[in-house]
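S.K.: In my numbering, the protein residues as written are 360 to 508.
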């Protein structure tokens, strides 16, 4: 029994895989190996002619160092999902105001490579480092406890 035929979503995912593979400087052999597929089959995945399984997409994401969700971001024709009862909306880090160049570069990389929880944790850390690197800041409160001995 054959699976569902590939469609525009598979073309989108295949294109993103190829783009990330090239950015990472990986050969097609280096990507086909962990998938345990031939170069011909890998080419079909990259063109979107064949559909990747969820397991294979997970392998690709790990090899390329991106979360699986990366391949679904910006997918054409995809409705914006409505948050469920347990979902909390997450702002992209790079969209937040007040970043310096350092923090903005880290935020952009985090948005590309990390899941939501890790992205928010890193965002808090980067804000603290960015604040410390932006120069001497006056203390928020006066020292009311007196000198230390």
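Glycine included, each C-beta is placed from N, C-alpha and C at the ideal position.
Treat the numbers as computed from the prediction; the structure is a model and nothing was measured.
Suppose you measure from the CA of residue 360 to the CA of residue 375; what does that come to, to the nearest Å?
M.R.: Taking the first residue of the chain shown as position 1, residue 360 is located at position 1. Taking the first residue of the chain shown as position 1, residue 375 is located at position 16. Its pLDDT being 44, under 50, residue 360 is placed unreliably by the model, and the measurement read from it follows with that caveat. Looking at the two C-alpha atoms, the distance is approximately 28 Å.
S.K.: Whose CA, out of 422, 411, 484, 436, lies closest to the CA of residue 373?
M.R.: To locate residue 373, count along the chain shown from 1; it is residue 14. The option with the nearest alpha carbon to residue 373 is 411.
S.K.: Which first and last residues belong to the alpha helix (DSSP H) in which residue 381 is found?
M.R.: For the purposes of this step, residue 381 is taken as residue 22 along the chain shown, with counting starting at 1. Taken as a continuous stretch (DSSP letters only), the alpha helix (DSSP H) holding residue 381 covers 367–383.
S.K.: Whole angstroms are fine: how far does the CA of residue 399 sit from the CA of residue 475?
M.R.: As a first step, residue 475 must be located in the chain shown, where it is residue number 116. As a first step, residue 399 must be located in the chain shown, where it is residue number 40. If I take the Cα positions, the gap works out to 35 Å.
S.K.: Terminal residues of the continuous alpha helix (DSSP H) containing residue 387?
M.R.: By 1-based counting over the chain shown, the position of residue 387 is 28. Start and end: 387–394.
S.K.: Let me know the secondary structure DSSP gives residue 408 once reduced to three states.
M.R.: Counting from 1 along the chain shown, the entry for residue 408 is found at position 49. It is coil, neither helix nor strand.
S.K.: Would residue 469 and residue 484 be called neighbours here (beta carbons separated by less than 7 Å)?
M.R.: Translated into the one-based positions of the chain shown, residue 469 becomes position 110. Translated into the one-based positions of the chain shown, residue 484 becomes position 125. Cβ atoms of residue 469 and residue 484: not closer than 7 Å.
S.K.: In terms of residues, what are the limits of the alpha helix (DSSP H) holding residue 422?
M.R.: For the purposes of this step, residue 422 is identified with residue 63 of the chain shown, where counting begins at 1. Here the alpha helix (DSSP H) through residue 422 covers 413–423.
S.K.: Give the single residue among 391, 428, 464 whose Cα lies nearest to the Cα of residue 486.
M.R.: To locate residue 486, count along the chain shown from 1; it is residue 127. Here the closest residue by C-alpha is 464.
S.K.: As a quick exercise: from 364, 369, 389, pick the residue whose alpha carbon is nearest that of residue 432.
M.R.: Against the chain shown, residue 432 aligns to sequence position 73. With distances taken between Cα atoms, residue 432 lies closest to 369.
S.K.: Helix, strand or coil, according to DSSP, for residue 397 in the structure here?
M.R.: Here residue 397 refers to the residue found at position 38 when the chain shown is read from its first residue. Residue 397 falls in the coil class under three-state DSSP.
S.K.: Taking its Cβ as the centre, do 16 or more other Cβ atoms sit within 10 Å of residue 367, making it buried, or is it exposed?
M.R.: Position 8 of the chain shown, counted from the first residue, corresponds to residue 367. It is exposed - the Cβ of residue 367 has fewer than 16 other Cβ atoms within 10 Å.
S.K.: Mind reading off the beta-carbon distance from residue 424 to residue 472? Whole number of angstroms is fine, and I expect it under 8 Å.
M.R.: Taking the chain shown and counting its residues from 1, the one referred to as residue 424 is at position 65. Taking the chain shown and counting its residues from 1, the one referred to as residue 472 is at position 113. Indeed, because the Cβ distance is near 6 Å, the residues count as touching under 8 Å.
S.K.: To the nearest angstrom, how far is the alpha carbon of residue 422 from that of residue 467?
M.R.: Here residue 422 corresponds to residue number 63 of the chain shown, with the count starting at 1. Here residue 467 corresponds to residue number 108 of the chain shown, with the count starting at 1. Distance between the alpha carbons of residue 422 and residue 467 is about 20 Å.
S.K.: Just how far apart, CA to CA, sit residue 408 and residue 364?
M.R.: In the chain shown, counting from the first residue as 1, residue 408 sits at position 49. In the chain shown, counting from the first residue as 1, residue 364 sits at position 5. Rounded to the nearest angstrom, the two C-alpha atoms are 8 Å apart.
S.K.: Mind reading off the beta-carbon distance from residue 391 to residue 401? Whole number of angstroms is fine, and I expect it under 8 Å.
M.R.: By 1-based counting over the chain shown, the position of residue 391 is 32. By 1-based counting over the chain shown, the position of residue 401 is 42. So it is a contact: roughly 4 Å between Cβ atoms.
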